[in-house]
Structure formats: C-alpha cells, structure tokens
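Q: Have a look at this one.
Chains as they are written, first to last, in our numbering: chain W, 1 to 418; chain H, 419 to 713.
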C-alpha cells in the first residue's frame, strides 16, 4: 500500500540531553579503558583463571553479534525475497549491523590480552580450522567487510545529494563541500555507485551466508566445554539453536530500534511496515521455542527447570519471559498493531530471550570445576560495556543525521494510510 | 535489479566458483593423529607422595618462575586451602584428608595433563597450542592473541593467564619439560627431584602396563582405575590412587574427547566449503525466482 519512501538525513539537533548522557558514559568508559591498557586486565576486571570470559564476551561480543542480526534478516527479506514493502527498514538495519559488528571488534580490542595480535587469524600460517573461534573470526571479518561495502551506496547517495553536516562538524564543512565539488571526486563517487549497485546482490547473499556461519559457530564455541556449561544450555545442537535465535531476533531488533529512533526524533512509529513484519515473527520465535523445548525434553534436561538454583531461575526468566511470552503475545493481531504492545514483545525477546540467553550460555551457565566464588563483572567491565553501547547509539544518531538512512518524515496524510 | 538473467547466472556461478577455488580443506587432521606410538607419559602414584612439594620448587627453578627458597616449601599450612596452578606455578600439590584414615592424608600433584585429544590444541584459533609427537602439549606465546578460549576449553581448567601483565600477557602451564627431555635427554624436573619416586617417566604405553602390574600386585592399595588412561580420550599424565579420584580434586570425565563435537562440525563445514557454497547457490536461486514479486 505505501509507496517506497525516499531516505533522507534526519534534521534534528545533535546535542540533546540524552546525547550528553551518552558522552558522559563514553568518557567514563574511556577512563577505564586507559587504565586497562596501562595496568592490565587483572587490575580492573574480575576475570580469573576459573572465569576467563566475562561480560565483554557474553554481552559485547556474543550479544552484540546476535543483536546485529537485523542486517542480514532484513536484507534477505527485501532483496532475496524481493519484498519491496520493507525497503525502508533495510538501511537502518544495515547501519545497526555495521555499527554492531564494528563494536564487537572494538570490544575485542579491550578484552584480548594481546590485542595487537588481533590480525593474526588473517595469516594462513596461523589458521587452525578445528576451532569454532577460527570460523567466528574469519566470518566476522569477512562479514564486516561486506557490511561496509553494502553501505557504500548510502554513502554515495549522501555525497551526491544534500550532505547534512550537523553543527559540531562546522569546522570541516568548508573543505568537505569543496571536495564534493571536485570533478574527479564526483567521478569516483559515480563509479562506486554504479559498481556497487551492480554487485550488490552478490554482497547481500554473501552477507546472509556469512551471518549464518558465524551466528551458528558462536553457539559452537561453548560446545567444547560440556562439563562446564549447565545442562539447561549445553546441547550438541547449540550451534543450531544459536542460529535459530539469531534469525528470530532480526525483526524484533529492527522493531526495537525503529521505534526507539522514531521516539528520539519525534516521529510516529512506522506501523505500516512494522506490523506486517511482526506477523513473520511468531514463525521464527516459535520455531526456536519448539526446537529448544524439544531439546530439553529429548535430553531430559527439563529436570533442572524448577530446582530453584540461580542458574535454573535465570533460564526460566530467559525462556519463559523472553521467548514463550512474546511468542504468544505476538499471535494477537491487536498486539501487533499496537505500538506499545509491539515494542514490549520486541524488547522482551531481544533483551531477555537473546541478550540474556547469550549471557547465560557464556557466563551464568558456565561453572568451572574449581571456582571458589562466582564471577560478577567489575565496575570497569560494566563501564566499558556501557560505553561501547553508548558510543554505538551516538554514532547511529550522528550517521542518520548526515546520511540518508532513515525514511523521510511522513506528512500528515500519509501517516493515516495504514 | 537492472540485470538480465544471463548476467545474473554468470555472476552467481562466478561467485560460487571462486569460493570453491579458495585454499580449502587441508584435511585438518585431529591433533592426536601426528603423535608417536612411543610418546612419553608420566605415571603419578599418589600413594607414595608425602607432600614435600620439592616438585613445585624444582619446576619453578627449571622454568625460571618466581619462587621461595626450598626451605619454605616445608611449611604445611599451604595445604589448608586447595590451590590451583597459576601464572607463576605450573604445578601444585594438594592435600586431601581421608575420612577413614585421617592420619594418612592423600597428596596429589596437579599440572597440565598433556591430553591425547587436547582441547586447547583444538580450540586455539591461531594454533598457539600444538600436540608435539613426543606427547607433550606445547604453547607458543608469540602467536597468542590472549583470547583465553583455551581456558574455556580445558576440562581440567589448567591454563593460567598473566592477567597482571599489561603489555605481553601469555598463557602459562606445564611444558612437560620439553627441552629438558628432548634435547638434554633428562627426566622432567619434578620427576627428577622427587625423593619418593612418586612419578615414573616413560613411554605412555609402558606406563600403562606398569600401572596395571602395580595394581595387580597390591589390589588393596589402589582404586582399580588408572585416571587418564581414557578420560577425555586419554592423557599423557596418568594417576594411581588409594582413594576415589573425584574426591581428590580430579574432575569426573567421560571417555569421549571434548573436541569431538566441534571438530566434526568444523570439518563438515570446511570440507571443500560445500555447505556455504550450497547455501550461497540456494539463496541466489531464490533471489532469482522471487524477482519481480512486489508485496
């Protein structure tokens, strides 16, 4: 029903109170990061020989990768299945994915003991293909490249059209505008636009394949520790469950950030796109729900569900509130049409169903054999994680203000046509 | 997308074809496949150990780790807590009191088990761990990124990390005295210094025979099980004890190597890259089939 809307940079002031809060959080995180680099991981994390992985892996890396899945799922919907109705959400999802994976890399630069060796997996002499982590590293590197390349047409469009540099970038406005006027620069931009337009479909398919590979191999990571991961989560099919939950979180994540962005920019939520998208969600969430439940039954792991332990209770929260509840809520058309209802379902699945799931698998469900006390993230670890997320949100806001990512704001008439 | 059918098919085939030509499946042999049948092992007879901890001191000397003087190692108050190997101690001895014989506690030396199907070897994405043909598992800190996945993987929770080293942290664990054994023809330092012959160094195959003989000769002295013979596929370090192993701080493990599930999956995916190429082609076919379909 709705015509494809043109994408435009958002014309809203950059320095809102929220942005100042984000800047503050980033500053705190930066301080802790400096401390980490000067004095080592032991000086400001609670990582130890029993708990080598903490929230930087459980949240920043594992959840970060999962929640950036909106990129490939919307790409598949709009470009592989040619559902043009959803074109307007592809760009924001792509930006989220691009920023998400970039911050996974940045988080690794903080977590890795020898971060300056992060490029080692590129060397064939160091390839060790038995490792699930090898597959994660290679696919994430390749996918990051694909994401940046997929973003080129947006950059081209922005450079050709009205480049909206917000106030703080006034200093560079002059040089940038004169650069844009150069003939040779415009030729490069034209060529890039044409070239990437032609090969875009190759990149889109590659993006989906690479995403499937690394989302699943993230699940395979903990498969090497059958004696240390709680039976409510450890299963030979962890690989498959991670892939299914990553696919299932793509559209909820799109809804989550789309509605949040609409609120931030004072726009009406795009229900004419989000509601039909929501109709697809029960299939994917339901498939995951069935697979996970069957797995628990087949392995007999359901006996742990109600034993009252902290780990079991976290599973109940994750699965009960984070998967089963949103699944049933989403079956209702009223919920799907209601912005509040839809946002609630999306938030439940994203935050409890997937984010908490990744934390459970990597941290809470991980019980090393000789731990004397449980792992609790230190203030420094939390501060850096929060700073990473804040920086991602800030960059999102900055980029949608400069480049044509979000659809043009609706006029009064169009917003009634649902 | 402004392209006719022929061009699209060409490009999809080109994409899939070039993926197939990439340096693909070097058959990633499981780490154990390259070991010598004559590889080394170490038999630890905990019934002989008196807890003198000279092995701890000798190990620190051999590996140039920070250490107290030998005289301090007779301080038995350390046994009040169960210790673990850490970044400056490749081995520790722990004491366990038997409820039936409180006057004769059991002492057990803990260190890297140098597994046959080492999880760390399989887990390390840059190959910093190698199972060398003599049986020991070696670590190359130069390759290491410090991701600590090896520590997640090890079922014995052995690798320790230099968390307080800000610039060049490495993983630390027993090396089975690799240079001492292979270049100097000596026993590992711990076995060399032990006054009670707790440790017997030899070929793993021979040690298993010797262990069985010992158990047959003194059935009342030993629990009828050689810990490490089959646990997680077998380890180079083998233990005999008079008390159940799970009550001596050793993890209860099955015989299947922990690497088996992952390696099966990884080999399936990277064998000529068939699954990713198949998926790529399938998606390409769907993209072409569903063209011109507007919602």
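Every residue gets a Cβ at the ideal spot worked out from N, C-alpha and C, and that includes glycine.
What you are looking at is a predicted structure, and each value in this text was computed from that prediction instead of being measured.
Run the proximity test for residue 329 of chain W: is its beta-carbon closer than 7 Å to any non-hydrogen atom belonging to the ligand GTP?
A: The ligand content of the structure shown is nil, which means the ligand GTP is not present either.
Q: Drop a sphere of 10 angstroms on the beta-carbon of residue 249 of chain W, count the other beta-carbons inside from all chains shown, and report buried for 16 or more, exposed for fewer.
A: Counting from one through the first chain, the residue named residue 249 of chain W turns up at place 249. By the neighbour-count rule (16 or more Cβ atoms within 10 Å), residue 249 of chain W is buried.
Q: Would residue 166 of chain W pass as a contact of residue 14 of chain W if the rule is Cβ separation under 8 Å?
A: If you number the first chain from 1, residue 166 of chain W lands on position 166. If you number the first chain from 1, residue 14 of chain W lands on position 14. Yes, these two residues count as a Cβ contact at 8 Å.
Q: Please give the ranges of any alpha helix (DSSP H) in the stretch 130-193 of chain W, keeping only runs that are unbroken, at least 4 residues long and fully inside the region.
A: 132-160 and 170-181, all fully within the stretch 130-193 of chain W.
Q: Quick one: what does DSSP say residue 556 of chain H is sitting in, helix, strand or coil?
A: The residue given as residue 556 of chain H occupies position 138 in the second chain. Residue 556 of chain H falls in the strand class under three-state DSSP.
Q: Listing by chain order, which chain H residues have their CB less than 8 Å from the CB of residue 160 of chain W?
A: Here the question's residue 160 of chain W lines up with position 160 in the first chain. None at all; the shortest Cβ gap to chain H is about 18 Å.
Q: Does the beta-carbon distance from residue 365 of chain W to residue 233 of chain W come in below 8 Å?
A: Stepping through the first chain from its first residue, residue 365 of chain W is reached at position 365. Stepping through the first chain from its first residue, residue 233 of chain W is reached at position 233. Contact: yes.
Q: With burial defined as no fewer than 16 other Cβ atoms inside 10 Å of the residue's Cβ, what is the status of residue 442 of chain H: buried or exposed?
A: Here residue 442 of chain H refers to the residue found at position 24 when the second chain is read from its first residue. With a pLDDT of 35 at residue 442 of chain H, under the threshold of 50, the predicted position of this residue should be treated as unreliable, and no value is reported.
Q: Under a CB-based cut-off of 8 Å, is residue 578 of chain H close to chain W?
A: On the second chain, position 160 is the one that residue 578 of chain H refers to. By this cut-off, residue 578 of chain H is an interface position.
Q: Tell me the DSSP secondary structure of residue 578 of chain H in three-state form.
A: Residue 578 of chain H sits at position 160 when you count from the first residue of the second chain. Of the three classes helix, strand and coil, the one that applies to residue 578 of chain H here is strand, per DSSP.
Q: Rounded to the nearest angstrom, what separates residue 325 of chain W and residue 342 of chain W at their Cα positions?
A: As a position in the first chain, residue 325 of chain W is number 325, starting the count at 1. As a position in the first chain, residue 342 of chain W is number 342, starting the count at 1. Between residue 325 of chain W and residue 342 of chain W, the C-alpha separation is close to 12 Å.
Q: Leaving out five residues before and five after residue 274 of chain W in sequence, what residues of the same chain have Cβ atoms less than 7 Å from its Cβ?
A: To locate residue 274 of chain W, count along the first chain from 1; it is residue 274. 255, 258 and 342, listed in sequence order.
Q: Bridge partners of residue 215 of chain W, per DSSP?
A: Translated into the one-based positions of the first chain, residue 215 of chain W becomes position 215. BP columns for residue 215 of chain W are empty, so no partner.
Q: Provide the residue span of the beta strand (DSSP E) that contains residue 715 of chain H, from first to last.
A: For residue 715 of chain H there is no data in the structure shown, the boundaries of chain H being 419 and 713.
Q: Say whether chain H places a C-beta atom closer than 8 Å to the C-beta of residue 37 of chain W.
A: Residue mapping note: residue 37 of chain W aligns to position 37 of the first chain, counting from 1. So, interface residue.
Q: Restricting to Cα atoms, I'd like to know which of W:402, W:61, W:200 and W:237 is closest to residue 110 of chain W.
A: Stepping through the first chain from its first residue, residue 110 of chain W is reached at position 110. Of the listed residues, the one whose Cα sits closest to residue 110 of chain W is W:61.
Q: Pull up the CB-CB distance for residue 97 of chain W and residue 68 of chain W, whole angstroms please, since I reckon it's below 8 Å.
A: Working through the first chain from its first residue, we reach residue 97 of chain W at position 97. Working through the first chain from its first residue, we reach residue 68 of chain W at position 68. Yes, residue 97 of chain W and residue 68 of chain W are in contact; Cβ-Cβ is about 4 Å, under 8 Å.
Q: Taking the C-alpha atoms as reference points, what is the distance between residue 555 of chain H and residue 614 of chain H?
A: Position 137 of the second chain, counting from 1, holds the residue named residue 555 of chain H. Position 196 of the second chain, counting from 1, holds the residue named residue 614 of chain H. Rounded to whole angstroms, residue 555 of chain H to residue 614 of chain H spans 26 Å at the Cα level.
Q: With DSSP as the reference, please indicate the residues paired to residue 504 of chain H in a beta bridge.
A: On the second chain, residue 504 of chain H is found 86 positions in, with the first residue counted as 1. H:507.
Q: Given a threshold of 16 other Cβ atoms within 10 Å of its Cβ, counted over all protein chains shown, does residue 653 of chain H qualify as buried or as exposed?
A: Translated into positions along the second chain, residue 653 of chain H becomes position 235. Answer is buried; the Cβ neighbour count reaches 16.
Q: What do you get for residue 128 of chain W, buried or exposed, if any count of 16 or more other CB atoms within 10 angstroms of its CB means buried?
A: Locating residue 128 of chain W in the first chain gives position 128, counting from the first residue. Answer is buried; the Cβ neighbour count reaches 16.
Q: For residue 677 of chain H, return the contacting residues in chain W, with the cut-off set at a CB-CB distance below 9 Å.
A: For the purposes of this step, residue 677 of chain H is taken as residue 259 along the second chain, with counting starting at 1. The answer, in chain order, is 130 and 224.
Q: Under three-state DSSP, which class holds residue 366 of chain W?
A: As a first step, residue 366 of chain W is located in the first chain; it is residue number 366 there, counting from the start. If DSSP states are grouped into helix, strand and coil, residue 366 of chain W belongs with the strands.
Q: Below 8 Å between beta carbons: does that hold for residue 209 of chain W and residue 80 of chain W?
A: Position 209 of the first chain holds residue 209 of chain W. Position 80 of the first chain holds residue 80 of chain W. Going by C-beta atoms, residue 209 of chain W is not nearer than 8 Å to residue 80 of chain W.
Q: Inspect the beta-carbon positions of residue 571 of chain H and residue 225 of chain W and report whether they are closer than 8 Å.
A: As a working mapping, residue 571 of chain H is identified with position 153 in the second chain. As a working mapping, residue 225 of chain W is identified with position 225 in the first chain. For residue 571 of chain H and residue 225 of chain W, yes; Cβs fall inside 8 Å.
Q: Take residue 477 of chain H as the anchor and find which of H:514, H:503, H:547 and H:651 has the nearest alpha-carbon.
A: As a position in the second chain, residue 477 of chain H is number 59, starting the count at 1. Of H:514, H:503, H:547 and H:651, the residue nearest in Cα terms is H:503.
Q: Count the other C-beta atoms from every protein chain shown that fall within 10 angstroms of the C-beta of residue 528 of chain H, then say buried if there are 16 or more, exposed otherwise.
A: One-based indexing of the second chain puts residue 528 of chain H at position 110. It counts as buried.
Q: Does DSSP put residue 119 of chain W in a helix, a strand or coil?
A: Reading the first chain from its first residue, position 119 is the one you call residue 119 of chain W. Coil at residue 119 of chain W, not helix or strand.
Q: I'd like the list of long-range same chain contacts for residue 187 of chain W, defined as Cβ closer than 8 Å, with 5 residues on each side in sequence excluded.
A: To locate residue 187 of chain W, count along the first chain from 1; it is residue 187. Here the set comprises nothing.
Q: Put residue 237 of chain W into one of helix, strand or coil per three-state DSSP.
A: Residue numbering aside, residue 237 of chain W sits at position 237 when the first chain is read from its first letter. Of the three classes helix, strand and coil, the one that applies to residue 237 of chain W here is coil, per DSSP.
Q: According to the Cβ coordinates, are residue 640 of chain H and residue 656 of chain H closer than 8 Å?
A: As a working mapping, residue 640 of chain H is identified with position 222 in the second chain. As a working mapping, residue 656 of chain H is identified with position 238 in the second chain. Cβ distance not < 8 Å, so residue 640 of chain H and residue 656 of chain H don't count as in contact.
Q: Given that a residue counts as buried once 16 or more other Cβ atoms are within 10 Å of its Cβ, and exposed if not, what is residue 24 of chain W?
A: In the first chain, counting from the first residue as 1, residue 24 of chain W sits at position 24. Looking at its Cβ environment, which holds fewer than 16 other Cβ atoms inside 10 Å, residue 24 of chain W is exposed.
Q: What is the DSSP secondary structure of residue 618 of chain H, reduced to helix, strand or coil?
A: Sequence index remark: in the second chain, residue 618 of chain H carries index 200 (1-based). Residue 618 of chain H: strand per DSSP, three-state reduction.
Q: In chain order, which continuous runs of the beta strand (DSSP E) of length 3 or greater are located wholly inside the stretch 6-56 of chain W?
A: List check, beta strand (DSSP E) in window: nothing returned.
Q: Taking all protein chains shown into account, do 16 or more other C-beta atoms lie within 10 angstroms of the C-beta of residue 64 of chain W, making it buried, or fewer, making it exposed?
A: Residue 64 of chain W sits at position 64 when you count from the first residue of the first chain. Result: buried.
Q: Alpha helix (DSSP H) containing residue 463 of chain H: first to last residue?
A: Locating residue 463 of chain H in the second chain gives position 45, counting from the first residue. Not the alpha helix (DSSP H): residue 463 of chain H falls in the beta strand (DSSP E), residues 458-463.
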